[in-house]
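There are 2 protein chains.
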Amino acid sequence: MSATPPNPQRRSERSRQAILAAAIDLCSEKGYAGVTVEAIAARAGVSKKTIYRWWPSKGFVLLEALGQSSDSNAPFPDTGHLGADLYTQMTGVVHLLTTPPFGPAYIGILSELHHDPELTEAVHEQFITPRFTAAVNRLKSAQRQGRLPEGADLELAVELLYGPLYYRYALRKPPHTPERMAELVDHVLRTLDCRP
Amino acid sequence: MSATPPNPQRRSERSRQAILAAAIDLCSEKGYAGVTVEAIAARAGVSKKTIYRWWPSKGFVLLEALGQSSDSNAPFPDTGHLGADLYTQMTGVVHLLTTPPFGPAYIGILSELHHDPELTEAVHEQFITPRFTAAVNRLKSAQRQGRLPEGADLELAVELLYGPLYYRYALRKPPHTPERMAELVDHVLRTLDCRP
DNA sequence: GCCGGGCGACGATACGTAGCGTATTGACAG
DNA sequence: CTGTCAATACGCTACGTATCGTCGCCCGGC
């Protein structure tokens, strides 16, 4: 129980940036195992206390650090060609998941979800739900254009798309090749009776 | 580097069983967080040394303990009705993943894969690959009976089935309801041009 | 002067290793 | 078949390391 919550206005932006950058750097260099609160503090030239003052745990630090990375927030494309857009998006996700620093950092964060409900909620808010709804919205857009049937189960479709990705990612299987990704998109669209 | 590897013939079966049981019990009662090597040793009335003599880490202990559980090795059904068999199998997996002690234990093991390649390999050998090939074989069986087209991409189909399950499991989303599971199976079979 | 920040010590856990008697085991002699 | 014995797995206990998360202290900028 902290007596008084800290005042965000007086927060040192410099320290904040140093901490986030240190977390990312450590993850790139030594993998998630090398990301400890003490290592972050040392590299950022910061006290552990400062980290714990503003973040509940290192998972949240990395999560915020990843959120700042621009390529992890790429918008869902809508060129009018549904299949191509899905392919672009999915291969982008695969690339993100398999490339440092995002790949190792994200898998490390996911590995902590099972004992940290608040981190779980934060990850959902920041990454999972937005991506999921963006995908659904892209399908809805196609639906409005008459390329997908009215009653198509769009949420199931998105699960069919992202599911295999996470299946391989979480189980540490080799990621989908671009060709495999294309076939995956193709099959799911076929399930929906897509008119390309 | 252990000087001499232990002699399996002289191994105490009693201790082995006590350790596996203690691991399972602890996981049921306190979740994966409560499963520590020291706690296992204490509950099993066993020395830590004995655990480390026979297992590389607690992940392997739990993995072996789960392997002994009969319901985690349920064979893939083949009643002749492909859709029903898939549904039975998948709902069984969901039930397993969401019920102690298997559910918490397995998610805990998965959370360690990212820093333990050997454990990853063991999990693949013991759980992932067998289930995957069993599912593919069930589809092949249907293929031989002419219910699935010759050129159907069976491995992709299995990924489409299991992917969403693991997607929700690893991301700690609520599991699929039986109805949702049925729809999932339905969609995937439709993708394959299944003749039921 | 208030309060965030840096320094670094601290207690609490958990991991993995090691030494030391004890007890169980498989092997062998009779 | 049975009694003996050496090998060694086992339990107990302590240790060293690592990381977490907290705390006291003083400094310095707003």
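Residue numbers (the numbering used here), protein chains in the order written: chain A, 1 to 196; chain B, 1 to 196. Note that the Cβ used here is the ideal one computed from N, Cα and C, for glycine as well.
Would you identify the three-state DSSP class for residue i, choosing helix, strand or coil?
i	result
residue 7 (chain B)	coil
residue 76 (chain A)	coil
residue 116 (chain A)	coil
residue 182 (chain A)	helix
residue 148 (chain A)	coil
residue 188 (chain B)	helix
residue 55 (chain B)	coil
residue 50 (chain A)	helix
residue 34 (chain B)	helix
residue 14 (chain A)	helix
residue 176 (chain A)	coil
residue 171 (chain B)	coil
residue 71 (chain A)	helix
residue 110 (chain A)	helix
residue 163 (chain A)	helix
residue 153 (chain A)	coil
residue 195 (chain B)	coil
Short check: CB of residue i to CB of residue j, under 8 Å?
i	j	result
residue 139 (chain B)	residue 183 (chain A)	no
residue 148 (chain B)	residue 109 (chain B)	no
residue 161 (chain A)	residue 188 (chain A)	yes
residue 102 (chain B)	residue 69 (chain B)	yes
residue 105 (chain A)	residue 66 (chain A)	yes
residue 97 (chain B)	residue 175 (chain B)	yes
residue 59 (chain B)	residue 18 (chain B)	no
residue 124 (chain A)	residue 107 (chain B)	no
residue 129 (chain A)	residue 191 (chain B)	no
residue 88 (chain A)	residue 77 (chain A)	yes
residue 37 (chain A)	residue 24 (chain A)	no
residue 198 (chain B)	residue 136 (chain B)	Residue 198 (chain B) cannot be examined here, being either before or after the span of chain B that is shown, 1 to 196.
residue 220 (chain A)	residue 170 (chain B)	The first residue shown for chain A is 1 and the last is 196, placing residue 220 (chain A) beyond what the model contains.
Determine the burial state of residue i: buried for a count of at least 16 other Cβ atoms within 10 Å of its Cβ, exposed for fewer.
i	result
residue 6 (chain A)	exposed
residue 2 (chain A)	Bear in mind that a pLDDT of 42 at residue 2 (chain A), under 50, signals an unreliable position, so the model cannot answer this.
residue 80 (chain B)	exposed
residue 71 (chain A)	exposed
residue 122 (chain A)	buried
residue 29 (chain B)	exposed
residue 12 (chain A)	exposed
residue 99 (chain B)	exposed
residue 159 (chain A)	buried
residue 85 (chain B)	buried
residue 168 (chain A)	buried
residue 151 (chain B)	exposed
residue 41 (chain B)	buried
residue 142 (chain A)	buried
residue 33 (chain A)	exposed
residue 163 (chain B)	buried
residue 111 (chain A)	buried
Closer than 7 Å: is that where the CB of residue i sits relative to any heavy atom of the ligand FMN?
i	result
residue 184 (chain B)	Absence of the ligand FMN from the depicted structure is noted, as is the absence of any ligand whatsoever, leaving it without description.
- request: Return the residues of the region 148–165 of chain A that lie within a Cβ-Cβ distance of less than 7 Å from chain B, sorted by chain order.
  value: 153, 156, 159, 160, 162, 163 and 164
query: In chain order, which alpha helix (DSSP H) runs of at least 4 residues are fully inside the region 82–107 of chain B?
result: 82–97
task: Could you please tell me which residues of the region 164–182 of chain B, in chain order, have their CB closer than 7 Å to any CB of chain A?
output: 164, 166, 167, 170, 171 and 172
- prompt: Listed in chain order, which residues of the region 98–127 of chain B have Cβ atoms closer than 9 Å to some Cβ of chain A?
  reply: 104, 107, 108, 110, 111, 112, 113, 114, 115, 117, 120, 123 and 124
task: Return the residues of the region 5–35 of chain A that lie within a Cβ-Cβ distance of less than 9 Å from chain B, sorted by chain order.
output: 31, 32 and 33
field: Residues of the region 46–57 of chain A with Cβ closer than 8 Å to any Cβ of chain B, in chain order
entry: none
task: Give, in chain order, every residue of the region 67–94 of chain A whose Cβ lies closer than 7 Å to some Cβ of chain B.
output: none
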